[in-house]
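Each residue of the sequence shown is one higher than the last, beginning at 116 in our numbering.
Scroll down for the structure; my scribbles are underneath it.
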Amino acid sequence: MNNGMTNIIDAHVHYFLRVGEEKRFLSAMDAAELDRSLLVPLPPLEFKGACTAGNEPIYEVCRRHPDRLSFGVFADPREADALDTVRRFVDLGTKVLKLYPPLGFFPDDPACMPMYELAAGLKLPILSPTWGFPGPSTPGTSPPSTPTSVSTLPAADSGPRRCRICTTPSDGR
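Printed below as a string of structure tokens:
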């Protein structure tokens with residue numbers, strides 16, 4: 116780890132389910148002198164023969180290394196149990212809510228509003244990509260994951276409905 120002067124945190128890590136991944140990942144953190152990583156789940160996706168880890172596997176690996184790893188929760192706001200999923204993982208200590216509009220919804224979809232209300236009430240930051248990944252779009256509208264589609268949200272206004280939405284642009288800024 117680092118010299119103790121500063122905490123170095125990797126705040127957006129996607130963890131894959133592979134044999135030996137946990138040990139390899141912690142070793143890579145040590146080599147990079149990272150104090151902590153925030154593991155952020157995604158929906159099940161396959162990439163180079165490995166599958167992304169969902170909420171349960173990420174929680175389990177973080178539970179085994181609470182001094183090094185924190186976890187986020189993924190929820191699709193269109194799913195009937197989405198709010199219960201978020202509440203359950205907040206009770207377990209999640210640090211961020213991951214929304215993934217490329218699954219087929221716009222950030223300003225009415226189905227998202229209860230999720231924003233819950234996140235605001237829990238003071239839970241939301242992480243959502245804004246790098247123009249393909250999704251549901253029609254001519255004349257913004258793709259679902261652009262900064263424009265996030266900036267128009269009522270929940271982004273000041274007041275009691277405010278929630279924090281962190282975005283990840285395509286150019287890495």
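Quick reminder that beta carbons are idealized off the backbone N, C-alpha and C, glycines included.
These numbers come from a predicted model, not from an experiment.
Using the Cα positions of SER243 and LEU237, report the straight-line distance between them to the nearest angstrom. 17 angstroms
Identity of the residue in LEU157, VAL128, ARG202 and GLY219 nearest PHE189 by Cα: LEU157
Output the distance between the C-alpha atoms of ARG178 and GLY219, rounded to the nearest integer angstrom. 31 angstroms
Alpha-carbon spacing of ALA126 relative to ASP196, whole angstroms: 26 angstroms
Going by beta carbon distance, what residues of the same chain come within less than 8 angstroms of ALA226, once the five residues before and after it are set aside? PRO192, ARG193 and PHE220
If you check the beta carbons only, do LEU154 and VAL201 fall under 7 angstroms apart? no
Buried or exposed, going by whether 16 or more other CB atoms sit within 10 Å of the CB of ASP223? buried
Identify whether ILE173 lies in helix, strand or coil by the three-state DSSP scheme. helix
Figure out for me which residue from PHE140, ASP199 and GLU148 has the closest Cα to the Cα of ILE173. PHE140
If you count every other CB in all the chains shown that lies within 10 Å of the CB of GLY187, and 16 or more means buried, which is it? buried
Is the CB-CB distance between ASP145 and ILE123 below 7 angstroms? no
Pull up the CB-CB distance for MET230 and LEU198, whole angstroms please, since I reckon it's below 8 angstroms. 7 angstroms
Taking all protein chains shown into account, decide if PRO216 is buried (16 or more other Cβ within 10 angstroms of its Cβ) or exposed. buried
For LYS213, which three-state DSSP category applies? strand
Output the boundary residues of the alpha helix (DSSP H) element that contains ASP206. 197-207
Please name the residue in LEU184, GLU175 and GLY169 whose C-alpha comes closest to that of LEU214. GLY169
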